[in-house]
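Student: I have a structure I would like to understand better, so I am pasting it below and will then ask my questions one at a time.
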Amino acid sequence: YYLFCTLCLLSDDNTVFVYSKVGDEALLLCSIASSDCSSITWTFFRSGQVRFSKEVIQGQVNRSSEKASRLTVASNCSLILRDLALGDVGSYVCLEHERDVTTVYLSILAISSPSNIMELRPGGTVVLSCILSSYYDAGNCRKYSGGSFNLRWLAEEGTEMGNHSRHQLTERSPCNATLVLNLQKEDNGRRWRCQVDGGQVETKPREIETHWDFTSSFLFENTSSARVLQPPADGFCYVRLPISRIVLCVALPLMVGIVGLVTWVSDRKRNRMLAAALQHDTMGINH
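In full-length UniProt numbering, the protein residues as written are 1 to 287.
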């Protein structure tokens, strides 16, 4: 479902910066000449909530690791980490014979929103927080020794978004870009992209490290008139909120059914009580 979309920045011979997003997979490079991984160890460290663990021991995935089911050692001893989660953010060190070979700093991009799902409508207001969780701590970046990066929001046309009558940036820091959208009818099915760009080197343009797309699919809009976005050529996945529609479509009939059942049971009970009362009155008259 998710496709590989990680980009690595080489700071020097033994330091790598990797940017990816929640749900993707990342390739953590180990710069060794040999393909014999029996002498390779991979360790993981995360600051803040200090954690240290050995993910690979003697070229084999450590089965006691929390990440074991998502880890694979490649033929060149690099490490593949699948189904990324924010808890994977940190530094990974490849060691050969217990000596440092490569240090990989993994940062992960995610979008969150405090907005109610009912705001996905014309006239609604949706808040989207795009946060890059760095190997230091989520949303609070320090300057990387290996270069800079830029976090920004782009409209569907590819233009950078700033303050406008229809959208405002209420938070703008190296690792947190919060966008407020004042939705209109034509925004149904529109794509909004949060993108991490790498540093500019000499005359070369910035490279796209990773991005995350959010599509504003309205809840009660007639889908036949809505624009349908075709999957892009690069294979990146859109962030949608279709589950709410599914839940709504399932919940409403279920609620109607429950109400109908309760009403039917109540009516039946009331009819039985009425019949019993009439029978009692009839017996009283006969006596």
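By construction, the Cβ of each residue, glycine as well, lies at the ideal position given by its N, Cα and C atoms.
Report yes or no: do the segment 151 to 165 and the segment 73 to 89 share at least 3 C-beta pairs separated by less than 8 angstroms?
Tutor: The segment 151 to 165, when compared against the segment 73 to 89, does not touch it at the 8 angstroms Cβ threshold.
Student: Would you call the CB atoms of Ser107 and Ser129 closer than 8 angstroms?
Tutor: no
Student: What is the rounded straight-line gap between the Cα of Tyr92 and the Cα of Val126?
Tutor: 36 angstroms
Student: Leaving out the 5 sequence neighbours to the left and right, which residues in its chain are closer than 8 angstroms to Gly162 when beta-carbon positions are compared?
Tutor: Leu169
Student: If you follow the beta strand (DSSP E) that Lys54 is part of, which residue opens it and which one closes it?
Tutor: Taken as a continuous stretch (DSSP letters only), the beta strand (DSSP E) holding Lys54 covers 51 to 57.
Student: Could you give the DSSP three-state label for Glu186: helix, strand or coil?
Tutor: helix
Student: Would Leu109 and Thr210 be called neighbours here (beta carbons separated by less than 8 angstroms)?
Tutor: yes
Student: Please classify Leu84: does DSSP put it in a helix, a strand, or coil?
Tutor: coil
Student: Under 8 angstroms by Cβ, that's how I've got Gln79 and Cys30 pegged, so tell me the actual separation to the nearest angstrom.
Tutor: The question names Gln, but residue 79 is Leu in the sequence shown. Sure, about 7 angstroms apart at Cβ, within 8 angstroms.
Student: Just curious, the beta strand (DSSP E) that residue 295 is in, first and last residue?
Tutor: With the chain represented from 1 up to 287, any question about residue 295 goes unanswered, as that position is not in the structure.
Student: Helix, strand or coil: how does DSSP classify Ala68 here?
Tutor: helix
Student: Do you know offhand how far Asn182's Cα is from Phe218's?
Tutor: 13 angstroms
Student: Exposed or buried, Ala177, counting other C-beta atoms within 10 Å across all chains shown (16 or more means buried)?
Tutor: Buried, since its Cβ has 16 or more Cβ neighbours within 10 Å.
Student: Classify Phe220: buried if its beta carbon has 16 or more other beta carbons within 10 angstroms, exposed otherwise.
Tutor: exposed
Student: Tell me the rounded alpha-carbon separation between Arg166 and Trp212.
Tutor: So the two alpha carbons sit approximately 21 angstroms from each other.
Student: Given a cut-off of 8 angstroms on the beta-carbon distance, is the pair Phe45 and Glu55 in contact?
Tutor: no
Student: Put Glu119 into one of helix, strand or coil per three-state DSSP.
Tutor: helix
Student: Closest to Ser75 by C-alpha separation, out of Ser173, Asp36, Asn116, would be which residue?
Tutor: Here the closest residue by C-alpha is Asp36.
Student: Helix, strand or coil: which one does DSSP assign to Leu241?
Tutor: Note that Leu241 scores 46 on pLDDT, short of 50, meaning its location in the model is unreliable and no value can be drawn from it.
Student: From Val22 to His164, what does the alpha carbon distance come to, in whole angstroms?
Tutor: 29 angstroms
Student: Would you call Gly124 buried or exposed, if buried means 16 or more other Cβ atoms sit within 10 Å of its Cβ?
Tutor: Buried is the label assigned to Gly124, since at least 16 other Cβ atoms lie within 10 Å of its Cβ.
Student: Label Glu96 either buried or exposed according to how many other C-beta atoms from any shown protein chain fall within 10 Å of its C-beta, with 16 as the threshold for buried.
Tutor: buried
Student: Under DSSP, the beta strand (DSSP E) around Ser20 begins and ends at which residues?
Tutor: Unbroken beta strand (DSSP E) run through Ser20: 15 to 21.
Student: Nearest to Gly189 by CA position, among Leu179, Ser69, Val196, Phe214, is which residue?
Tutor: Phe214
Student: Per DSSP, which residues does Val180 bridge with? Please list them.
Tutor: Val127, Gln168
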